[in-house]
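The structure appears below as structure tokens.
Chains as they are written, first to last, in this note's numbering: chain W, 1 to 95; chain X, 96 to 427.
Printed below as a string of structure tokens:
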């Protein structure tokens with residue numbers, strides 16, 4: 001067990017919890033989307049921390065590929081969520 | 096750098112990251128929250144660099160901080176100026192009864208419990224003997240994959256299925272955005288200084304995208320980073336108030352949007368017809384096939400991300416001109 005892995009891994013747990021709390025408690029849809037993105041970043045950090053093998057050693061590329069996929073899926077989900085929020089605001093303004 | 100100074104660096108970086116996440120989520124002003132989130136994303140990219148994940152660092156800077164940030168900022172702009180603060184104070188204080196405070200504490204406790212469970216699972220996983228069968232399998236088969244960057248090898252060869260479905264997710268998201276409404280109004284034409292910058296920036300971004308695509312085979316880079324950089328060129332053009340931002344019109348746009356999934360599927364099905372399994376490239380052809388798929392994927396990713404920023408199906412120049420003509424005829 002390495003200090004670096006533990007340090008980044010535990011920080012990742014804190015970020016996941018912070019993001020989840022924000023996503024559950026915020027009233028504004030936009031800030032909920034930001035919070036879910038923060039939570040996702042925490043998950044990414046967990047994966048990258050586990051992939052780290054120490055200085056000078058090549059890290060495990062599989063979690064890196066997973067995180068790359070995750071980043072792209074996260075941005076598509078964010079874009080769709082923002083479009084939904086925009087439509088929701090437009091409908092509310094019409095009423 | 097010795098171990099102690101590296102530890103100090105890690106500590107400062109992680110404190111800043113957690114602090115920015117907290118500040119972004121605690122902010123009552125949406126715009127402020129989004130800007131802090133972008134800063135959070137940029138520091139994350141530094142952290143990925145520190146953990147020897149340069150591919151992820153590039154993607155985080157270009158997509159996680161860059162394009163997500165642009166999307167969020169555009170969303171803040173679209174809301175009417177007053178509404179960005181409606182969630183702030185007055186009515187909330189009124190309705191903040193005891194029940195709400197209890198709920199907040201319950202949620203906070205739940206999240207702390209989640210963090211604890213995650214930390215326990217992480218420490219448990221780290222203290223057991225590491226399974227290095229998968230990393231070893233990757234490095235053993237890297238020669239046959241057609242590329243020498245292990246991350247690209249996983250994304251486009253060993254786990255090509257995942258990437259195919261990921262491109263399908265992107266396409267689905269943009270179709271959903273199309274279904275939800277029209278493109279938003281463009282920006283005002285930029286002043287001479289920004290316009291001058293755009294003239295330099297856009298060619299450099301396009302060149303960088305091409306470089307990232309090519310270099311992804313043997314160094315950090317690849318279709319996703321390249322696509323995001325190409326999309327950034329379009330975002331810059333749109334911010335400068337240009338009416339044409341590099342997206343093709345009508346049918347050609349549909350082709351570009353579907354190119355990533357389409358070429359991927361065509362390659363997979365052709366290999367099936369040739370008697371191999373789906374997306375199982377012959378080693379001699381792997382390098383060329385990966386480059387072909389990545390080029391199509393880059394174009395699709397760039398178009399998709401740019402369309403997400405535009406916020407819907409763009410009105411093509413031809414359609415707008417026709418509509419204007421029609422209106423003129425009616426008024427006559």
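For glycine and all other residues, C-beta sits at the position ideal for the given N, C-alpha and C.
Can you tell me whether residue i is buried or exposed? The criterion is at least 16 other CB atoms within 10 Å of its CB, across all chains shown.
i	result
residue 295 of chain X	exposed
residue 104 of chain X	exposed
residue 13 of chain W	buried
residue 184 of chain X	Reliability of the predicted coordinates at residue 184 of chain X is poor, the pLDDT of 49 falling under 50, and the value obtained from them is presented with this limitation in mind. With fewer than 16 Cβ atoms within 10 Å of its Cβ, residue 184 of chain X is classed as exposed.
residue 97 of chain W	Beyond the ends of chain W as shown, which are 1 and 95, falls residue 97 of chain W; an answer cannot be given.
residue 177 of chain X	In this prediction, residue 177 of chain X scores a pLDDT of 49, lower than 50, which makes its location untrustworthy; no coordinate-derived value is stated.
residue 288 of chain X	exposed
residue 224 of chain X	exposed
residue 83 of chain W	buried
residue 219 of chain X	exposed
residue 55 of chain W	exposed
residue 150 of chain X	buried
residue 434 of chain X	In the structure displayed, chain X extends from 96 to 427; residue 434 of chain X sits before or after that span and is not available.
residue 76 of chain W	buried
residue 193 of chain X	exposed
residue 312 of chain X	buried
residue 66 of chain W	buried
residue 164 of chain X	buried
residue 136 of chain X	buried
residue 57 of chain W	exposed
residue 204 of chain X	exposed
If we call anything under 7 Å between Cβ atoms a contact, is residue i one with residue j?
i	j	result
residue 320 of chain X	residue 160 of chain X	no
residue 120 of chain X	residue 142 of chain X	no
residue 407 of chain X	residue 278 of chain X	yes
residue 355 of chain X	residue 382 of chain X	no
residue 79 of chain W	residue 166 of chain X	yes
residue 152 of chain X	residue 144 of chain X	yes
residue 19 of chain W	residue 38 of chain W	yes
residue 59 of chain W	residue 53 of chain W	yes
residue 263 of chain X	residue 30 of chain W	no
residue 139 of chain X	residue 41 of chain W	yes
residue 148 of chain X	residue 64 of chain W	yes
residue 275 of chain X	residue 393 of chain X	no
residue 336 of chain X	residue 410 of chain X	no
residue 272 of chain X	residue 71 of chain W	no
residue 21 of chain W	residue 206 of chain X	yes
residue 146 of chain X	residue 134 of chain X	no
residue 398 of chain X	residue 351 of chain X	yes
residue 241 of chain X	residue 112 of chain X	no
residue 35 of chain W	residue 23 of chain W	yes
residue 217 of chain X	residue 17 of chain W	no
residue 454 of chain X	residue 25 of chain W	Not covered by the structure: residue 454 of chain X. The range shown for chain X is 96 to 427.
residue 3 of chain W	residue 261 of chain X	no
residue 10 of chain W	residue 214 of chain X	yes
residue 221 of chain X	residue 5 of chain W	yes
Near residue i, what residues of its chain come up, given a Cβ to Cβ distance below 7 Å and the 5 sequence neighbours on each side ignored?
i	result
residue 118 of chain X	131
residue 100 of chain X	none
residue 328 of chain X	297, 300, 301, 341
residue 310 of chain X	316
residue 373 of chain X	363, 366, 367
residue 442 of chain X	There is no way to answer for residue 442 of chain X, as the model of chain X reaches only from 96 to 427.
residue 290 of chain X	335
With which residues is residue i paired in a DSSP beta bridge?
i	result
residue 277 of chain X	X:408
Leaving out the 5 sequence neighbours to the left and right, which residues in its chain are closer than 6 Å to residue i when beta-carbon positions are compared?
i	result
residue 359 of chain X	259, 388
residue 168 of chain X	129
residue 347 of chain X	none
residue 325 of chain X	304, 397
residue 318 of chain X	389, 392, 393
residue 255 of chain X	374
residue 252 of chain X	240
Please confirm whether any heavy atom of the ligand GTP lies closer than 6 Å to the CB of residue i.
i	result
residue 102 of chain X	Among the ligands in the structure shown, none appear at all, so the ligand GTP cannot be discussed.
Using a Cβ-Cβ cutoff of less than 8 Å, which residues in the same chain neighbour residue i once the five nearest sequence positions on both sides are dropped?
i	result
residue 237 of chain X	243, 245, 248
residue 200 of chain X	none
residue 239 of chain X	378, 381
residue 8 of chain W	45, 48, 49, 52
residue 285 of chain X	293, 334, 335, 336
residue 266 of chain X	352, 353, 355, 356, 395, 399
residue 33 of chain W	78, 81, 82, 85
residue 323 of chain X	154, 157, 158, 161, 162, 396, 397, 400
Quick one: complete alpha helix (DSSP H) runs, 4+ long, within the stretch 250-304 of chain X? 255-275
Would you mind listing the alpha helix (DSSP H) stretches within the stretch 7-78 of chain W that are 4+ residues and don't spill past its ends, in chain order? 29-51
Within the stretch 300-370 of chain X, note down every full alpha helix (DSSP H) run reaching 4 residues or more, in order along the chain. 318-334, 345-368
In the stretch 200-251 of chain X, which residue ranges form an unbroken alpha helix (DSSP H) of at least 4 residues, counting only runs that do not cross its ends? With a minimum length of 4 residues, the unbroken runs of alpha helix (DSSP H) contained wholly in the stretch 200-251 of chain X fall at 228-236, 245-248.
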